């Protein structure tokens, strides 16, 4: 069953733990606290937890987070981090407790399927529930969440998901279905940004005013999330502070291309987009916090122009 769900049922408070309090994970936790859920938080960086001290229970491990909650939400940067949090010596499995695990990050489909099996063996139901919309929309509770997993577990966790999402789309019980949707959406997002960066550099080099270009594009057929939000708010300003990282683009883009290859489907345009970000990452000296909007920098350098507000 694939179902888009926008109606909001009566509020039910849950005891929920958030593991990983980075820019996105922290925003999810903030929304759940504000919605009135009893929250537990854990991050390997203890200083990051401090801002929750008066609003949530701070714990020192994923195991303790599981012991203190009925739902665990994790939003982490890499598969190795998830391995440690889920099945490591001090992971949620070691708590020996029946609960629902919500996987809010973006991971490869094979990894999600493997984790689903491992957790099921420990009587933990996994919801594959990645988010889309960016940190700004997370803070506003306006994310879209794609969900796959046991329907009963989805219904149990629904109120927590609604604390940070304005739209939920349920893709049924098949493990990994929501991740496939997230990877498809992400690659389109990356393509929009890379293509917009290239055309904005060329237009600026030709003498066009960047703001006037955006005005035309955003009132015409070329508009997309990059031209509507990323360019006016993060590139034309010169701030490059969207708070999405090129290192994550490379992770997600690789997972998308691997998924396409597994199905023997050619993806030459997506491969070209991926290479644009590979090049941008190299120009950025491999910084882990190199913002996705900075993909335009190497294009600007090659053209000898900067696309900024005048």
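In UniProt numbering, the protein residues as written are 1 to 310. Idealized CB from N, CA, C, for every residue including glycine. Note that the structure is predicted; figures quoted are calculated from it, not measured.
Rounded to the nearest angstrom, the Cβ distance from residue 104 to residue 130 is 6 Å, consistent with a contact under 8 Å. Residue 90 is a Cβ neighbour of residue 63, given a cutoff of 9 Å. By the 16-neighbour rule on beta-carbons within 10 angstroms, residue 219 is exposed. Rounded to whole angstroms, the Cβ separation of residue 19 and residue 42 is 5 Å, and the two are in contact under 8 Å. For residue 125, the enclosing beta strand (DSSP E) starts and ends at 124-128. Here the alpha carbon of residue 27 sits roughly 17 Å from the alpha carbon of residue 146. The residue from 132, 120 and 111 with its alpha-carbon nearest to that of residue 97 is 120. The C-beta distance from residue 190 to residue 273 rounds to 5 Å, short enough to meet the 8 Å contact threshold. Cβ-Cβ distances below 7 Å link residue 252 to 106, 183 and 186 in the same chain, with the five nearest sequence neighbours on each side left out; the list follows chain order. Here the segment 238-248 lies against the segment 285-297, with 3 or more beta-carbon pairs under 8 Å apart. The shortest C-alpha to C-alpha distance from residue 305 to any of 209, 284, 225 and 240 is the one to 209. Scanning its chain for C-beta atoms nearer than 8 Å, with the 5 sequence neighbours on each side dropped, one finds around residue 111 the residues 79 and 82, in chain order.
In the displayed model, residue 166 falls within a strand according to three-state DSSP. Within the same chain, 39, 52, 55 and 56 come within 8 Å of residue 33 by CB-CB distance, once the 5 residues on both sides are set aside. Straight across, the Cα-Cα distance linking residue 134 with residue 243 is about 8 Å. For the options 75, 77 and 92, the alpha carbon positioned closest to that of residue 68 is the one of 92. Of the candidates 127, 72 and 29, 127 places its Cα closest to the Cα of residue 178. With fewer than 16 neighbouring CB atoms inside 10 Å of its own CB, residue 60 falls in the exposed class. If you check the CB distance, residue 163 and residue 149 do not come in under 9 Å. A Cβ-Cβ distance of about 5 Å is found for the pair residue 72 and residue 17, placing them in contact under the 8 Å criterion. Between residue 12 and residue 169, the alpha-carbon positions lie close to 20 Å from each other. The shortest CA-to-CA distance from residue 217 to any of 195, 238, 282 and 234 is the one to 195. For residue 83, the enclosing alpha helix (DSSP H) stretches over residues 79-87. Residue 38 is bridged by DSSP to 15.
Taking the C-beta atoms as reference points, residue 144 is found no nearer than 9 Å to residue 108. A distance below 7 Å between beta-carbons, with the five flanking residues on each side excluded, links residue 84 to the following residues of its chain, in chain order: 91.
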